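The numbering used here numbers the first residue of the sequence shown as 18 and each following residue consecutively. Yeah, the Cβ is synthetic: ideal placement off N, Cα and C, and Gly gets one too. In this text, all values refer to a predicted model and were calculated from it rather than measured experimentally. Below is one structure, written out as structure tokens; comments come after it.
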Amino acid sequence: MIFSEVMLSAPLARPVAPNPFGELQSVKPCDNNLKQALLLAERMIKLADKGDDDREDTGCGILYGMLRDSGYKIKQLAEDEKLKHIAKGWWNESC
């Protein structure tokens, strides 16, 4: 078995974060994934802004416009899901 197969077959540990009482609790993978989606969307938006500032032709402008639009759409969907998780009591703010 090669290293990548070992890494793929090994169970991933759940991140642990303190709750409001200072007790450590496991962060749900779905919350962690939403947090990562929000961070990715922010990176997409920032890259689009930087790309627009640095571009030298209209083709790149189209690319960065699509990247920005996609980033905002992903951000909105992830924020909506986050609100649903908060309403269900699932969201751990420290994840």
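Whole-Å CB distance - residue i paired with residue j, under 8 Å assumed
| i | j | result |
| --- | --- | --- |
| alanine 65 | alanine 95 | The pair is not a contact, with the Cβ atoms about 17 Å apart (cut-off 8 Å). |
| asparagine 109 | aspartate 48 | 6 Å |
| glycine 78 | arginine 85 | The Cβ separation is near 10 Å, so there is no contact. |
Residue i in three-state terms, based on DSSP
| i | result |
| --- | --- |
| lysine 92 | helix |
| valine 23 | Low confidence applies here, because valine 23 scores a pLDDT of 42, under 50, leaving its location unreliable; read the following figure in that light. Reduced to three states, the DSSP call for valine 23 is helix. |
| asparagine 50 | helix |
| proline 28 | With a pLDDT of 48 at proline 28, under the threshold of 50, the modelled position of this residue cannot be trusted; read the value that follows with caution. Here proline 28 sits in coil by DSSP. |
| phenylalanine 110 | According to the sequence as given, residue 110 is glutamate; it is not phenylalanine. DSSP places glutamate 110 in coil when its eight states are reduced to three. |
| arginine 72 | coil |
| lysine 45 | coil |
CB of residue i within 9 Å of CB of residue j, strictly
| i | j | result |
| --- | --- | --- |
| leucine 51 | lysine 99 | yes |
| glycine 68 | tyrosine 89 | no |
| methionine 61 | isoleucine 91 | yes |
| tryptophan 107 | lysine 45 | yes |
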